[in-house]
Amino acid sequence: MTVAQILPVALAAVGLSLVSTLILIVAVKMHRGRSGARSASLLAPYRSALITIASGEDEDGQAKAALFAVPATTWDRLRPTVLGFLPKVRGASADDLSDLMRFHGEIDRATEMLTSRSAVRRAHGAYLLGLVRDRLSSPFLLRLLGDPDADVRLVAARALGVIGEPLAASGVLGALRTHHGQIGLPAWVAAEALLAMGAEITPALQAGLTSEDPAVRNVCAMVAGHGTFASTVPQLRIVLASDSEPDVRASAAVALGQIGGADDVASLVRLTEASESTVLRRIAATALGDLGQHEGLETLSVLLGDVDPRLARLAAESLVRIGPEGISRLGEAASGVSTGARVAGAALEVAGLRGQLPAITAGVR
Numbered sequence: 003m004t005v006a007q008i009l010p011v012a013l014a015a016v017g018l019s020l021v022s023t024l025i026l027i028v029a030v031k032m033h034r035g036r037s038g039a040r041s042a043s044l045l046a047p048y049r050s051a052l053i054t055i056a057s058g059e060d061e062d063g064q065a066k067a068a069l070f071a072v073p074a075t076t077w078d079r080l081r082p083t084v085l086g087f088l089p090k091v092r093g094a095s096a097d098d099l100s101d102l103m104r105f106h107g108e109i110d111r112a113t114e115m116l117t118s119r120s121a122v123r124r125a126h127g128a129y130l131l132g133l134v135r136d137r138l139s140s141p142f143l144l145r146l147l148g149d150p151d152a153d154v155r156l157v158a159a160r161a162l163g164v165i166g167e168p169l170a171a172s173g174v175l176g177a178l179r180t181h182h183g184q185i186g187l188p189a190w191v192a193a194e195a196l197l198a199m200g201a202e203i204t205p206a207l208q209a210g211l212t213s214e215d216p217a218v219r220n221v222c223a224m225v226a227g228h229g230t231f232a233s234t235v236p237q238l239r240i241v242l243a244s245d246s247e248p249d250v251r252a253s254a255a256v257a258l259g260q261i262g263g264a265d266d267v268a269s270l271v272r273l274t275e276a277s278e279s280t281v282l283r284r285i286a287a288t289a290l291g292d293l294g295q296h297e298g299l300e301t302l303s304v305l306l307g308d309v310d311p312r313l314a315r316l317a318a319e320s321l322v323r324i325g326p327e328g329i330s331r332l333g334e335a336a337s338g339v340s341t342g343a344r345v346a347g348a349a350l351e352v353a354g355l356r357g358q359l360p361a362i363t364a365g366v367r
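Per the numbering used here, residue 3 is the first one in the sequence shown, and the count goes up by one each step.
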């Protein structure tokens with residue numbers, strides 16, 4: 003055949019292919035539309051009951067009973083909507099939705115997923131158990147902290163945090179360690195999970211601050227400073243004074259700035275000395291401002307003229323946070339001819355723009 007003969011045939015074939023594709027697309031859309039309409043029709047009687055539970059208004063339990071009676075085939079369609087509500091509710095509403103998931107076998111199925119050969123299924127099972135906040139699942143999730151797949155370990159840790167089981171704190175801290183070349187949990191994941199477990203994890207934090215693993219000590223120091231863990235202050239002081247890891251000392255300094263007291267000023271002042279690293283000096287200057295103790299005023303005033311401009315600015319910001327006495331020191335520095343005059347003046351201008359200066363200076367007069 004010649005080119006002139008082949009071309010019309012080829013064009014016809016391409017045209018037929020395009021038409022077939024368009025027909026298929028239209029058919030799929032029509033099927034999805036009918037399927038969606040059918041699902042909406044099936045779920046319509048149950049939506050109001052689900053909303054009643056989610057809003058915490060199911061005082062007589064009728065909505066819960068109605069959803070318990072949902073047939074299995076309808077539940078499969080209703081399940082995604084229930085899952086969508088779970089992260090948004092708390093208290094009795096969350097408990098009722100979790101009971102609903104348990105009644106329809108979802109918790110049992112999620113637990114079975116934890117032993118699947120598929121890492122995706124194991125992670126999905128852990129996610130579901132965290133979503134329903136099932137405390138009874140904590141032992142199973144703890145085992146997943148040693149899973150060979152990093153994503154599974156991460157999801158398991160976050161699920162334990164959502165569940166908020168304090169007894170799991172030691173397991174989460176243990177998962178930070180590297181075993182046989184298997185990298186441990188990321189520090190932020192562990193810290194997030196621990197903070198969600200509440201004040202009852204204090205004993206685990208105290209033990210973790212003495213761990214041989216610097217990753218564990220570091221996370222414990224980070225968490226201690228972000229929560230109400232004042233009883234960890236003695237251990238934090240020891241870490242700040244003697245830990246061999248700069249990152250751990252830095253986290254301890256930040257924590258003491260948040261939950262320490264006047265007794266910690268001297269230790270933080272020592273960290274601002276020129277012999278310390280730049281990072282530690284800056285962190286200590288910020289921590290002195292967080293403490294808000296007048297014992298730190300002299301050191302912060304001296305740091306206004308430091309050769310590290312970033313450290314000087316942090317010292318100025320800390321003086322502002324300390325209050326009237328700190329503002330007074332900045333005023334003295336700004337009116338002088340020292341190297342810190344410009345930094346002090348800039349800090350006062352910023353404080354004025356933020357509305358801090360008028361209120362504070364009014365108290366000084």
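Where is the CB? At the ideal position from N, CA and C, for every residue including glycine.
Alpha-carbon spacing of residue i relative to residue j, whole angstroms
i, j, result
"PRO248", "PHE231", "22 Å"
"GLN260", "ALA74", "52 Å"
"VAL352", "ARG315", "11 Å"
"GLU194", "ALA223", "13 Å"
"ALA276", "ALA56", "58 Å"
"ASP215", "ASP149", "20 Å"
"ALA255", "VAL157", "30 Å"
"LEU302", "ALA317", "5 Å"
"GLN358", "ARG111", "56 Å"
"VAL366", "ILE329", "Reliability fails at VAL366, whose pLDDT of 42 lies under 50, so the model's placement of it is uncertain and no value is given."
"ALA67", "ASP97", "14 Å"
"SER269", "LEU242", "8 Å"
"LEU377", "ILE165", "Residue 377 is absent from the model: the chain starts at 3 and stops at 367."
"ALA192", "ALA257", "17 Å"
"ARG284", "ASP310", "9 Å"
"GLU114", "SER139", "11 Å"
"ALA51", "THR76", "14 Å"
"VAL281", "LEU146", "36 Å"
"ALA226", "PHE70", "43 Å"
"GLY291", "ARG239", "18 Å"
Residue i in three-state terms, based on DSSP
i, result
"VAL122", "helix"
"SER253", "helix"
"ARG137", "helix"
"THR23", "helix"
"ILE203", "helix"
"HIS106", "coil"
"PRO73", "coil"
"GLY227", "helix"
"LEU116", "coil"
"ALA276", "coil"
"SER213", "coil"
"VAL352", "helix"
"ASP245", "coil"
"ARG111", "helix"
"VAL235", "helix"
"SER50", "helix"
"SER269", "helix"
"VAL218", "helix"
"ASP60", "coil"
"GLY262", "coil"
Would you be able to state if there are at least three C-beta pairs under 8 Å between the stretch 120 to 127 and the stretch 86 to 96? no
Could you pull out every unbroken alpha helix (DSSP H) segment of at least 4 residues lying fully inside the stretch 294 to 343, listed in chain order? 299 to 305, 311 to 324, 326 to 336
Unbroken stretches of the alpha helix (DSSP H), 4 residues or longer, contained in the stretch 141 to 188: 152 to 165, 171 to 176
Does the count of Cβ pairs from the stretch 162 to 180 and the stretch 197 to 209 closer than 8 Å reach three? yes
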